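Protein chains in written order, with my numbering: chain C, 868 to 1183; chain Z, 26 to 515.
Read through the structure below, which is laid out as structure tokens, and then see the notes.
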Amino acid sequence: MLARVADSLYWMARYIERAEHTARLLAVKLESMIEQSPEEAEASWIRVVAALTGKEAESTDAFAITDSLAFDRLNRSSLVSSLQGARDNARQVREQLSTEVWEHLNRLYLGTHGETIESIWVHQPAAFFRETLEDLFTLGGVTYTTLRHGEGWHFLELGRHIERAQLVSRLLDIHFGIVAPGYAQPPPPPKYFDWLVLLKFCTAFEPYCKEYTAALRPERIAQFLLFDAEFPHSVRFSVDRIVEALANVAPGAPPSRRAGCERLAGRLKASVDFGQIDELTGGSIDAFLVNITRQCEQIHEAVYAAYIAYDAETVL
Amino acid sequence: MAESGRGEAAPGRDAPYARYALGEAYDEMFARDGSVRPHYAALDARLRTLPPDDLARRQQACEQSFLHQGITFTVYSDSQATERIIPTDLLPRIVPAAEWERVERGLKQRITALNLFLRDIYGEGRVLKDGIVPRAMILGSKHYRREMRGLAVPHGAYVNVCGTDLVRNEAGNFVVLEDNLRVPSGVSYMLANRDVVRRAFPNVFRAARVKPIEHYPGELLATLKALVPFQEDVSIAVLTPGVFNSAFFEHAFLARQMGVELVEGRDLLINDNVVYARTTSGLKRIDVIYRRVDDDFVDPLIFREGSSLGVPGLFNAYRAGNVVIANALGTGVADDKAVYAYVPRLIRYYLSEEPILDNVQTYLCREEKSLGYVLANLDKLVVKAVGESGGYGMLVGMHASKAEREEFALKLKADPENYIAQPTIQLSTAPTFVDGGVEARHVDLRPFILTGEETRIVPGGLTRVALKKGSLVVNSSQGGGSKDTWVLSN
Chain C
868 MLARVADSLY
878 WMARYIERAE
888 HTARLLAVKL
898 ESMIEQSPEE
908 AEASWIRVVA
918 ALTGKEAEST
928 DAFAITDSLA
938 FDRLNRSSLV
948 SSLQGARDNA
958 RQVREQLSTE
968 VWEHLNRLYL
978 GTHGETIESI
988 WVHQPAAFFR
998 ETLEDLFTLG
1008 GVTYTTLRHG
1018 EGWHFLELGR
1028 HIERAQLVSR
1038 LLDIHFGIVA
1048 PGYAQPPPPP
1058 KYFDWLVLLK
1068 FCTAFEPYCK
1078 EYTAALRPER
1088 IAQFLLFDAE
1098 FPHSVRFSVD
1108 RIVEALANVA
1118 PGAPPSRRAG
1128 CERLAGRLKA
1138 SVDFGQIDEL
1148 TGGSIDAFLV
1158 NITRQCEQIH
1168 EAVYAAYIAY
1178 DAETVL
Chain Z
26 MAESGRGEAA
36 PGRDAPYARY
46 ALGEAYDEMF
56 ARDGSVRPHY
66 AALDARLRTL
76 PPDDLARRQQ
86 ACEQSFLHQG
96 ITFTVYSDSQ
106 ATERIIPTDL
116 LPRIVPAAEW
126 ERVERGLKQR
136 ITALNLFLRD
146 IYGEGRVLKD
156 GIVPRAMILG
166 SKHYRREMRG
176 LAVPHGAYVN
186 VCGTDLVRNE
196 AGNFVVLEDN
206 LRVPSGVSYM
216 LANRDVVRRA
226 FPNVFRAARV
236 KPIEHYPGEL
246 LATLKALVPF
256 QEDVSIAVLT
266 PGVFNSAFFE
276 HAFLARQMGV
286 ELVEGRDLLI
296 NDNVVYARTT
306 SGLKRIDVIY
316 RRVDDDFVDP
326 LIFREGSSLG
336 VPGLFNAYRA
346 GNVVIANALG
356 TGVADDKAVY
366 AYVPRLIRYY
376 LSEEPILDNV
386 QTYLCREEKS
396 LGYVLANLDK
406 LVVKAVGESG
416 GYGMLVGMHA
426 SKAEREEFAL
436 KLKADPENYI
446 AQPTIQLSTA
456 PTFVDGGVEA
466 RHVDLRPFIL
476 TGEETRIVPG
486 GLTRVALKKG
496 SLVVNSSQGG
506 GSKDTWVLSN
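Structure (structure tokens):
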């Protein structure tokens, strides 16, 4: 597969994952607002903004925040920017995608392209994000079922799960970590309802209840979202998919070129396979989550160095 | 509006043809007396029974489908680039079998002569020595590539993909308006149009026994494969300028349909005069490049410096015989609008045959007598800049204002060698769906001619239609649309 094509597929998947995450956080947040006091809603908006942008919220007005997170084209992590990024990358590699995948993504892009905060706010704003999520789920299914599960598919999987592992880690960090310094007024610590919302942010509420009953205990939630091997939005699940994808990309590359990526992925896998939540109490969860994010970045760089942006001299 | 007594709907009188104007131009559907030509009878019957909003609904569905497929076209004006759908008209343009058979023979004859001409001017130069074509005109052309001299190309086929623009004149004869020998585009629209129109008129389509065109990508692949002496594991790539090119959809479409790699210049590199693509697993050798990049941008070392679209060193690899580039470089010299005027003579010279398809009468402004005539008759002529395409740098005298004509006359006098003129041809008109009715609009026809070891033409081509009433300009960059073209079986 052309290195440029791999690059585009990888980023297409990352953008789609980011769009899905953004749409879900906004849908869940807007739906849960009704049950929160103004102070609680404000605190939880601060967490959502931090999770999606890494920055402190400039306002706590639901309309303004939703506008910026969903529709601001200048905000590179907004929903429309992510969909645009996904569609631009898909268009670059149109001939590598199935017609079904391309048309579904293109329709999704064209459909959200014309929307504005005003046009969705008059009805139920959450409904728009739910519909976008449904479309993204369908896209996932269409991709799974119409695309050959060859090298291109594995690059999509790699992109999706490198993105997801980092997004979930960041979300956990914001809920479990010591609040980052620099906030003029740190948001109050999460309460019962916030834990429920966190699970919903990760589509994890029902799976969690099946595993641990509806008794929401923060350390169990952390255990579940970090270390559950079978839940698709746990960090461990994503790490396993990363390891799998890496074993299947660039099938013709010699072992010497594969070694770097595989070593990094193996190390990341060990840390989530053998991690225990009771060792991560008292602030060390911060360091653990930051380390996951950093390792994902290292894997990204190693993949580029080995398979995508390599120096031609080294392979002649 | 009343039906006519014979159960027929007359153009200009009855629905759905109430606004259908028959003029000087030859009409594809109606004879001069308003009767329907036999090969349009089935479509006519359908159109007369179809509820008007049904057609509108089908048209809308077709546009929606193009948008979703991303069959869009980028129009550049000022500093803005807009993605638009190429308007497709649902009513097919129909060509009877016997007529097509003659067109096909004519096109084969013409491409054979043009390929011989290219081989000659990059080889011995017999045609120049014999004074058939002025030497200065060829060697002075900006599309003549000195670098190509003495370089043999496989099967002598310089032009592997040709898109010839045909028009039907007032007498109803197909004549050649233009040979596009560089990187002609539009074939993806030919195929996409067929796809939607067949769905819009399934019964008429079946009854009419339309010749298939779906094998075009296969024919193109076979043509490209024939350019290398081995047939196992031929590694072929389509070279595109990238996603910002207005024809990017087509490049991706053809690569996908042929099952070959779509590459950009930055994907390729040259080592030891061999072309490689950079893949995730390492470097992969490329044998044939179907390039959709202009000559100037193929190799920055030889042609335009600083271009990032091409591949440094590609031309040397080509000269070394390690890669085939299709079309060959330097073919533009032969579709120059000035050389065009000589093509009938080239056919006689190389093939000792009379041209089957005529040219449009052409005045070379480089000849003083012609220039005088052109300047005196600007209002009746179409004047074209020799090296331009896509409808740019051209004056349609009949539709230009006096001021526009005067301005153009200055340009003409300043650089007469750069211009040719042709009488305004009333391109034939064909039924087109406009505002809920069927109206006459001017059309041309661009068949695609493939030449490797042999010449193949899929029956049909891209019919372009000037959607603006009375307009003769069919270019998509200037408000043109396209139609499906049905070539009928005997």
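Glycine included, each C-beta is placed from N, C-alpha and C at the ideal position.
Since we're looking at a predicted model, the values are computed, not measured.
Q) What do you get for C/A870, buried or exposed, if any count of 16 or more other CB atoms within 10 angstroms of its CB means buried? A) buried
Q | Beta-carbon contacts of C/I1144 that lie in its chain and below 6 Å, excluding the five residues immediately before and after | A | E1086, A1089, Q1090
Q: Assign Z/S426 to one of two classes, buried (16 or more other C-beta atoms within 10 Å of its C-beta) or exposed (fewer than that).
A: exposed
(Q) Tell me which residues share the same chain as Z/F433 and place their Cβ nearer than 8 Å to its Cβ, disregarding the 5 neighbours each side in the sequence. (A) L403, V408, L420, A425
**Q.** Cross-strand partners of Z/F55 (DSSP beta bridge)
**A.** Z/V61
Q: Keeping to the same chain, check which residues put their C-beta closer than 8 Å to that of Z/S90; ignore five residues upstream and five downstream.
A: V221
Q) Exposed or buried, what is C/R1084 when buried is set at 16 or more other beta-carbons lying within 10 Å of its beta-carbon? A) exposed
Q.
Using only the alpha-carbon positions, how far apart do Z/A345 and Z/G284 sit?
A. 27 Å
Q. DSSP on Z/N422, reduced to helix/strand/coil?
A. In the sequence on display, residue 422 of chain Z carries Gly and not Asn. Helix at Z/G422.
Q.
Please report the straight-line C-alpha distance between Z/A81 and Z/G495, rounded to a whole angstrom.
A. 22 Å
Q. Is the CB of Z/E195 under 9 Å away from at least one CB in chain C?
A. no
Q.
DSSP three-state label for C/D1140, please.
A. helix
Q: Could you name the residues of the same chain whose beta carbon sits closer than 8 Å to that of Z/V61, not counting the 5 residues immediately before and after it, in chain order?
A: E33, M54, F55, D69
**Q.** Contact with chain C by Z/Y214, beta-carbon distance below 9 Å
**A.** no
(Q) I need the DSSP call for Z/Q447, collapsed to helix, strand or coil. (A) strand
**Q.** the stretch 292-319 of chain Z: positions lying closer than 7 Å to chain C by Cβ
**A.** D292, L294, N296, A302, R303, T304, T305, S306, G307, L308
Q. Looking only at DSSP bridge pairs, what is Z/H467 linked to?
A. Z/T454
Q) Assuming C/R1015 and Z/A277 make a contact with CB atoms under 8 Å, what is their CB distance in whole Å? A) About 17 Å separates the two Cβ atoms, so there is no contact after all.
Q.
If you follow the alpha helix (DSSP H) that Z/K438 is in, where does it begin and where does it stop?
A. 427-439
Q: Use the C-beta contact count for Z/V336: other C-beta atoms within 10 angstroms, 16 or more gives buried, fewer gives exposed.
A: buried
Q | Residue-level contact to chain Z via CB, C/E1168, 9 Å cutoff | A | no
Q | Close-in-space but distant-in-sequence residues of the same chain around C/Y1177 (CB under 6 Å, 5 per side omitted) | A | none
(Q) Judging by CA-CA distance, which residue of Z/Q94, Z/N515, Z/V490 is the nearest neighbour of Z/Q503? (A) Z/V490
Q.
Can you tell me which residues form a DSSP beta bridge with Z/W511?
A. Z/I119
Q. Grouping DSSP H, G and I as helix and E and B as strand, with all else coil, what is Z/M26?
A. No answer about Z/M26 holds up, because its pLDDT of 40 lies below 50 and its placement is not dependable.
Q. Shortest alpha-carbon distance to Z/Y365 belongs to which of Z/E431, Z/E203, Z/P76, Z/A46?
A. Z/E203
Q. Within the 9 Å Cβ cut-off, does Z/R44 reach chain C?
A. no
Q) Span of the beta strand (DSSP E) holding Z/R489? A) 488-491
Q. From the beta carbon of Z/V288, is the nearest beta carbon of chain C less than 9 Å away?
A. yes
(Q) For Z/A277, would you say it is in contact with chain C, using Cβ-to-Cβ distances shorter than 9 Å as the test? (A) yes
Q: Using a Cβ-Cβ cut-off of less than 7 Å, list which residues of the stretch 944-963 of chain C approach chain Z; keep chain order.
A: R958, Q959, R961, E962
Q. How many angstroms separate the CA atom of Z/W511 from the CA atom of Z/P77?
A. 23 Å
Q. Which residue or residues does DSSP assign as beta-bridge partners of Z/G148?
A. Looking at the DSSP assignment, Z/G148 forms no beta bridge with any residue, so it has no partner.
Q. Listed from N- to C-terminal order along the chain, which residues in the stretch 73-96 of chain Z have their beta-carbon within a distance smaller than 8 Å of any beta-carbon of chain C?
A. L92, H93, Q94, G95
Q | Under the three-state DSSP convention, the category Z/E392 falls into | A | coil
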